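Engineer:
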Amino acid sequence: MSTLDDPRSPRRAPGPGSAAGGFRAFARRRPITALLLVAIPLGWAILGVPALATHGLIPGGDLPVEVFALALTVLVMLPATVWVVSAAEGRAGVRVLFSRTFRWRFGPAWWATVLVALPVTTVAVAVALGESVQTADLASTLAREVPLMLLPIVLVNMWEETVWAGFVQTRLERRHGLLAAAALTAVAFAGIHLPMLLADDDLSASSFLAGAAILFGAALVVRVMVGVFLRATAGSVLAVAVLHGSWNGSTGEGGLVDDLLSGGQPVLAGVIAAVLVTAGVAALVRPALTRRSEDRTDRPAGTTTGS
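Numbering-wise, the sequence shown is residues 1 to 307 according to UniProt numbering.
(1) Taking 8 Å as the threshold (C-beta atoms), are serine 246 and phenylalanine 106 in contact?
(2) DSSP state of valine 133, grouped into three classes?
(3) Classify alanine 232: buried if its beta carbon has 16 or more other beta carbons within 10 angstroms, exposed otherwise.
(4) Using 10 angstroms around the beta-carbon of phenylalanine 167, count the other beta-carbons present and answer buried if the total reaches 16, otherwise exposed.
(5) Report back the beta-carbon spacing between proline 79 and phenylalanine 68 to the nearest angstrom; my notes put them in contact at under 8 Å.
(6) Given this structure, state the Cα-to-Cα distance separating proline 147 from alanine 112, to the nearest angstrom.
(7) Sorted by chain position, which residues of the same chain lie with C-beta nearer than 8 Å to histidine 244's C-beta, five sequence neighbours on each side aside?
(8) Would you list the residues sitting across from leucine 36 in a DSSP beta bridge?
(9) Can you round the beta-carbon distance between threonine 81 and leucine 35 to whole angstroms, since I take them to be within the 8 Å contact cut?
(10) Hey, which unbroken runs of the alpha helix (DSSP H) at 4 residues or more fall wholly within the region 134 to 201?
(11) I'd like the span of the alpha helix (DSSP H) that includes phenylalanine 98, first residue to last.
(12) Buried or exposed: serine 250, going by 16 or more other Cβ atoms within 10 Å of its Cβ?
(13) Unbroken alpha helix (DSSP H) runs of length 4 or more, entirely within the region 251 to 287: which are they?
The following block contains the structure:
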C-alpha cells in the first residue's frame with residue numbers, strides 16, 4: 001500500500017458502465033499516486049526542454065524556465081488534480097477544493113503575516129549575518145519589486161498550491177499528520193522540479209547534487225511552513241499561495257529582498273527566516289497543531305474517513 005494515499009479517505013462506487021480496472025478506478029483508490037504517475041513524467045518532459053536548449057540539444061538557447069514551470073502548473077498539474085479529485089470525491093470534492101483556493105476570510109493579522117513576515121524577517125536575518133540594506137533607492141525598489149512579487153501569486157502560486165497544499169498535503173495529513181505529510185509532499189514537490197537544475201551552462205555532477213540537496217531541504221522547510229499556516233488560516237489555500245509568493249520574493253535571485261540587500265541571493269537568510277516564522281506561528285496556534293487534519297469543511301458533504 002502506498003504511503004502517499006490515505007485508505008480511510010472517501011471512496012465512490014464505480015458508476016454504471018465504468019471500467020473497474022481502468023485508470024479512473026485506480027485514481028479513486030490511490031488518488032495521489034495517480035496524480036504523480038501523470039504529473040512527474042509530463043513534468044520532467046516539460047521542465048526538461050530548457051535544459052535541452054541550454055546544452056544545444058534542441059534549438060532555442062537560454063529559454064525562460066519560469067514559462068515552462070507555469071505551463072506545468074496550469075496545463076498539467078491543475079487539470080490532473082481536478083480530474084483525480086473528481087474521480088475520488090466527485091463534483092462536491094472539486095467544489096470544496098476550489099472553495100479553499102479562494103478562501104480569503106482569515107483575518108487582517110494573518111493577511112499581514114503571509115504578506116510581510118518572510119521578507120521582513122529575511123532582511124533582519126541577513127543583516128544579522130553581516131549584509132547591509134540598500135536604502136538609497138528604497139522607494140523605487142519597493143515600487144518595482146512588490147508588484148513583481150505579487151503577480152506570480154495570481155498566475156502560478158494559487159494554482160500550484162491548489163495542487164500541493166489543497167490536495168496532496170491536506171490529504172496526506174489525514175493519515176500521517178502534519179510533519180510526515182510535509183516531508184512526503186516536499187519529496188514529490190522537489191522531485192518534479194529536478195529538471196530545472198539541468199538548465200545550467202556550468203552543469204556538473206557535483207553542482208547538480210548540491211542543487212538537489214538545497215532543493216529538497218528548502219522544499220521541506222517550505223512544506224512544514226505551509227502545513228502550519230494552513231492550520232492558522234482555516235485551511236486557506238489562498239493564504240499559503242500568498243506565503244509561497246512571499247517566500248519567492250524573499251529568496252529568489254533579483255527578487256524583492258535580493259534587491260534590498262548586498263551580498264548575493266539570500267537563500268540562507270530566507271531559510272532561517274522561514275524556520276523562525278514557522279516556529280513563531282506554531283507557538284501561536286499550538287492547539288490546532290496537536291490534532292489531525294480532520295476539518296469537515298474541507299470534505300464533500302456526506303463523506304467520511306472510514307478505515
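Glycine included, C-beta positions come from ideal geometry on N, C-alpha and C. The structure presented is a predicted model; accordingly, all values stated were derived computationally and were not measured.
Structural biologist: Taking the geometry as given:
(1) The Cβ atoms of phenylalanine 106 and serine 246 do not sit closer than 8 Å to each other.
(2) Three-state result, valine 133: strand.
(3) Buried, because 16 or more other Cβ atoms sit within 10 Å of the Cβ of alanine 232.
(4) Taking a 10 Å sphere around the C-beta of phenylalanine 167, we find 16 or more other C-beta atoms and assign the residue as buried.
(5) Not a contact, Cβ separation roughly 16 Å.
(6) Whole-angstrom Cα-Cα distance: 16 Å.
(7) If the five residues before and after histidine 244 are omitted, its C-beta is found closer than 8 Å to the C-beta atoms of Ile153, Asn157, Glu160, Glu161, Val222 and Val226, all from its own chain and listed in chain order.
(8) BP columns for leucine 36 are empty, so no partner.
(9) Leucine 35 and threonine 81 do touch by the CB rule: their CB atoms are close to 6 Å apart, below 8 Å.
(10) Runs found: 138 to 152, 158 to 161, 170 to 176 and 178 to 192.
(11) 78 to 101 is the extent of the alpha helix (DSSP H) around phenylalanine 98.
(12) Its Cβ being crowded by 16 or more others within 10 Å, serine 250 is buried.
(13) Listed in chain order, the alpha helix (DSSP H) elements of length 4 or more contained wholly in the region 251 to 287 are 256 to 260 and 267 to 284.
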